[in-house]
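Undergrad: Structure in structure tokens, see below.
In the working numbering, the protein residues as written are 154 to 279.
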């Protein structure tokens, strides 16, 4: 009885976390996501901790969530995790404006974006 279990969206040696509704453009968020692509998770966390960019704190929270998912839900070894993929997407855009000269209206776009981080467990080569 009941529904069948949904198939996993990632492989058996992978874990994922998604953070939606991040205030800021996807172009700025993608610069921070590029910092951590392909790195081991402890190095990526250190880079995000000492980054000067405002969105680095939100990306760090998403990375920590992905690490917790890997450890608790998928029983992966935290020390052997690398950031396999980190991609950014658009979300909604709040449209605001302010009056300008000669009766015109200046558009102000306030974009939101989202980030998805996928971690992969790599074999120990020691």
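For every residue, glycine included, the Cβ atom is placed at its ideal position computed from N, Cα and C.
Over what stretch of residues does the alpha helix (DSSP H) that includes residue 198 continue unbroken?
TA: 194-202
Undergrad: Determine contact between the segment 266-275 and the segment 249-256, defined as no fewer than three beta-carbon pairs at a distance below 8 Å.
TA: no
Undergrad: By the 10 Å Cβ neighbour count, where 16 or more other Cβ atoms means buried, how is residue 241 classified, buried or exposed?
TA: Per the 10 Å Cβ criterion, buried.
Undergrad: If contact is defined by three or more beta carbon pairs under 8 Å, each pair taking one atom from either stretch, is the segment 231-238 in contact with the segment 180-200?
TA: Yes, since at least three Cβ pairs between the segment 180-200 and the segment 231-238 fall closer than 8 Å, the two stretches touch.
Undergrad: According to the neighbour-count rule (16 or more other Cβ atoms, all chains shown, within 10 Å of its Cβ), is residue 274 buried or exposed?
TA: buried
Undergrad: Hey, residue 237 and residue 271 are a contact pair by Cβ (cut 8 Å); roughly how many whole angstroms apart?
TA: Between residue 271 and residue 237 the Cβ distance is about 5 Å, and since that is below 8 Å, they are a contact.
Undergrad: Quick one: measure Cβ to Cβ for residue 208 and residue 185, integer angstroms, because I've assumed they're closer than 8 Å.
TA: About 5 Å; that satisfies the 8 Å criterion.
Undergrad: In this structure, what does DSSP give as the bridge partners for residue 251?
TA: 259
Undergrad: Can you give me the C-alpha to C-alpha distance between residue 239 and residue 182, rounded to a whole angstrom?
TA: 11 Å
Undergrad: Determine the DSSP secondary structure at residue 157, reduced to helix, strand or coil.
TA: coil
Undergrad: Measuring straight from C-alpha to C-alpha, what distance separates residue 161 and residue 168?
TA: Cα to Cα, residue 161 sits roughly 10 Å from residue 168.
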